[in-house]
Every structure is written in C-alpha cells, then in structure tokens.
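Everything in the sequence shown is counted per my numbering, starting at 141 for the first residue and increasing by one. Yeah, the Cβ is synthetic: ideal placement off N, Cα and C, and Gly gets one too. Small disclaimer: the values here were computed from a predicted structure and weren't measured.
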Amino acid sequence: MTKAAIKLRKEVKNKISQVTTLRQEARDAMARALYATDNPSTDAVTDPNTKLPDIAASKFPWKANADRDTMCATAADDGSKAGKSLETDMVCLCVQHDGATNDFCGSNLGLATTAITGNSAQATAAAAFKQLATSCAATLETSQQKLLEHALTAAVQTIFANLGKNYVKQASATGAAYSPSNQGMLGKYVIGTTTAGACTSASLNSFGTAGKGVCIGYHDVLKTNKPIPCVKEVNIAVRKLNAVSDLFSQATSTLAQVKMIEQKMEAFLWIGDLLNPMTRTLQQIPTNKQPTVEEHNKCAKFNSNETDCPQIIANMVIKKCKAKTLVEAAQGTKEQAGGVK
Numbered sequence: 141m142t143k144a145a146i147k148l149r150k151e152v153k154n155k156i157s158q159v160t161t162l163r164q165e166a167r168d169a170m171a172r173a174l175y176a177t178d179n180p181s182t183d184a185v186t187d188p189n190t191k192l193p194d195i196a197a198s199k200f201p202w203k204a205n206a207d208r209d210t211m212c213a214t215a216a217d218d219g220s221k222a223g224k225s226l227e228t229d230m231v232c233l234c235v236q237h238d239g240a241t242n243d244f245c246g247s248n249l250g251l252a253t254t255a256i257t258g259n260s261a262q263a264t265a266a267a268a269f270k271q272l273a274t275s276c277a278a279t280l281e282t283s284q285q286k287l288l289e290h291a292l293t294a295a296v297q298t299i300f301a302n303l304g305k306n307y308v309k310q311a312s313a314t315g316a317a318y319s320p321s322n323q324g325m326l327g328k329y330v331i332g333t334t335t336a337g338a339c340t341s342a343s344l345n346s347f348g349t350a351g352k353g354v355c356i357g358y359h360d361v362l363k364t365n366k367p368i369p370c371v372k373e374v375n376i377a378v379r380k381l382n383a384v385s386d387l388f389s390q391a392t393s394t395l396a397q398v399k400m401i402e403q404k405m406e407a408f409l410w411i412g413d414l415l416n417p418m419t420r421t422l423q424q425i426p427t428n429k430q431p432t433v434e435e436h437n438k439c440a441k442f443n444s445n446e447t448d449c450p451q452i453i454a455n456m457v458i459k460k461c462k463a464k465t466l467v468e469a470a471q472g473t474k475e476q477a478g479g480v481k
C-alpha cells in the first residue's frame, strides 16, 4: 500500500505540473487575443496568477500610418487589419475615421476627437484603447466575470450572434441593400436604396448616409472558413482551460485514493495493536480450600475425639501443601523454559 500511495502522489504532482503549464499557455493565448502578442511589454511574466501588464504603445496592434477606415473597414485573417486583436477591434467599433465626437460605445467614455491617421496613427489608436479600458473597467467593476472557459465561449457566441443585426435602414432600402455581406458586420451601419452596408466611416453624417458605418466587416474572413485571429486565440485559451479543469478533477480523484490508502494503513496499525498476543500470562493465584460439608460433618462426628479430628485437618493441610508445591514447580519450569534463547 505504501508503494501504491507513493505512485499516486507522483501522479498528482505530475498533473499539478501539467496544470501550471496549461494555465500559462491559456494566459499566453489570451494575451495574443487581446494584444496580438504574448509578450506585450518588456516585463517577462511567467506566473499565470500575475496580472497581465499593459501593452507598450510601440507594440499596440495597429499598422503604422494606417487610418481608421483602412484598418477597420474589413477584417483580415493574416492579422494585418481588424480581427488582429481585441484591442484593435474595440478601437474600430468605438472610433470613427474623422476627427469628431466618438460616442458610439457610450457617451461618457471620454474618447478624444483626434483622427487616427498619419504618423501618429498607432499612438492615437493606443491612447483611444487606454481610455476605453479605463472607462470600461470602472463601469464593469461590479459585474466582472472570472476568466473561465464557459464565460469565454459565451462571449464569442454573443459576438457572432450580433453580426449583421445593428443596422439603420433608410426608407428607400430595397432587396439589393440586403447584401449577404451585411451578415458579417459587427457594429452599426446604414443601408438604403440599393446600397448595402459598409464599415467606412469617413463623412459618416451621423449615420445618415447609406454605405457608411462604424463597424467591422468580417465577411471576407468568414466566407473562407478561416478563423478570425483574435477569436482563434480565445478558442485556444478555452481548450487549455478545459484541459485544466479535467486535470484538476483527475488530481482531486487521485488525492482521494491516496487518502483512502492512508486511512487503511492507519486502520491496520490499530488492528495490529489489538491482535498483538499477550507477552505474559497471569500467575495462578492459589486459593484457600475450605472443608467440604462431608469433611466438616466427619470432623463434627469426632468432636469429642481429640485424636481423629486434628488428623483430618492435618490431612487437608498436607493436600493443600502438595497442591501448592505442584503449582510452584510448574511455574518454575515455565520460567526456565522462557529463559531459553
């Protein structure tokens, strides 16, 4: 049983090691989903329990010199445009092309009106995301969920469930305006007459112009059956977390087996103590033999005879002494036998 317990403990230790590795891999996948890199800063973070550091502005997932519409109008599966990371896509969904009010994700987010364009495009996009993250963290502080596989899966399903649904329809919209490509758009867009939706936001005109929108077109990626890069990383993290859950359950079950073995071993020790043979035998204590009724009556019969009655009593004493001698002899023999090695 000792060998079995040691073997099981080694199994638990091995599973714990696997869990640690998988948690780090899940963390790296989520870093890539968020930042498009698992090394967002100069800090080398290997502890999965440590908070992921903010990304350096120079590493923000936005193509240099790319304006908002170039980066966001349509997604790409190679990570060169929208779909590259959750950071990229959040900026695309909340900021328009022109330098104007950006209240598409909330009126109290405090986003700057600076246009994302030119040499400062990456830095401007990074600043916009930082403001979004700060404002959203304050808003969601009381309702944040743990990073669990079912929560991530539900979030991805929610995103896909909302594709194509947030559109503004002009009165003149006809069949051609309802292009299948509309079903791949996330965010707000306008359709009208024969103009289908699009995610270019220059000259947005407060969503008064058909073919404009503050959105992302994922249709080109989806029709190829290739994964959206950031969604791919989220799904990797989900698989890793599922594996962690399975290993944790296995480790818990194995620990229970170890505990059962320990309890059995303790029980055997107790039983061993109870079954241990006595090393000593109690000495036989001689008792004073009382005269029988017959002997008493016989003595009483010769009550007037001073010779016979004492003789009877003497015979009883002799018998008693002989019995005692035999007992002592037997005990001496036993002790002598016990001393033999």
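- Counting other Cβ atoms within 10 Å of its Cβ, H290 stays below 16 and is therefore classed as exposed.
- Around D217, the same chain offers V361, K366 as residues with beta carbons nearer than 6 Å, after the five sequence neighbours per side are excluded.
- Listed in chain order, the non-local C-beta contacts of L292 below 6 Å within the same chain comprise V374, V378, local neighbours out to five positions each way being set aside.
- Distance from the CA atom of Q236 to the CA atom of A301, rounded to whole angstroms, is 23 Å.
- Straight-line measurement puts the Cα of L226 at about 21 Å from the Cα of S247.
- A Cβ-Cβ separation of about 6 Å places A336 in contact with A317 under the 8 Å criterion.
- Within the same chain, and ignoring the five residues on either side of G304 in sequence, the residues whose Cβ sits closer than 6 Å to its Cβ are N322, Q323, M325.
- Close CB contacts of L192 within its chain, under the 8 Å cut and outside five residues either way in sequence, are with R167, M170, A171, L174, P180, V185 (chain order).
- In this structure the region 263-279 lies against the region 196-216, because at least three pairs of beta carbons, one per stretch, are closer than 8 Å.
- Residue nearest to I331 within the set T314, N345, A350 is A350 (criterion: CA-CA distance).
- The three-state reading of DSSP puts A216 in coil, since its state is none of H, G, I, E or B.
- Per DSSP, V361 is one residue of the alpha helix (DSSP H) stretching across 359-362.
- In the three-state DSSP reduction, C355 falls in the strand class (E or B).
- With a contact defined as Cβ atoms closer than 8 Å, S220 and G250 miss out at about 30 Å.
- CA-CA distance, T257 to D187, rounds to 37 Å.
- According to the DSSP assignment, I331 belongs to the beta strand (DSSP E) that extends over 325-331.
- For A222, DSSP records a beta bridge to A215.
- Setting aside the 5 residues that flank it on each side, V308 is surrounded in the same chain by V330, F347, each with a C-beta closer than 6 Å to its C-beta; the list follows chain order.
- Minimum Cα-Cα distance from C370 among the listed residues F269, G357, L287, V296 corresponds to V296.
- Using a 10 angstroms sphere on the CB of N345, the tally of other CB atoms stays under 16, which defines it as exposed.
- The straight-line gap separating the alpha-carbon atoms of T177 and V152 is approximately 32 Å.
- In the three-state reduction of the DSSP assignment, T335 falls in the strand class.
- Annotated as distal: A204 and C212, with beta-carbon spacing of 8 Å or more.
- Judged by beta-carbon spacing, A215 lies within the 8 Å limit of I356, meaning their Cβ atoms are closer than that value.
- Ranking G315, L288, Q390, C245 by CA distance to the CA of A268 puts C245 first.
- Approximately 14 Å separates the beta-carbon atoms of K147 and Q390; this is outside 8 Å, ruling out the contact.
- Taking C-beta separations shorter than 6 Å and ignoring five residues to either side along the sequence, the partners of S319 in its chain run A336, following chain order.
- Assignment of K309 by DSSP, reduced to helix, strand and coil, places it in the strand class.
- Secondary structure of G315 (DSSP, three-state): helix.
- In terms of CA proximity to Q271, N242 leads the group R208, N242, K399.
- Non-local beta-carbon contacts of K380 in its own chain, meaning distances under 6 Å to residues more than five positions away in sequence, involve L162, E165, A166 in chain order.
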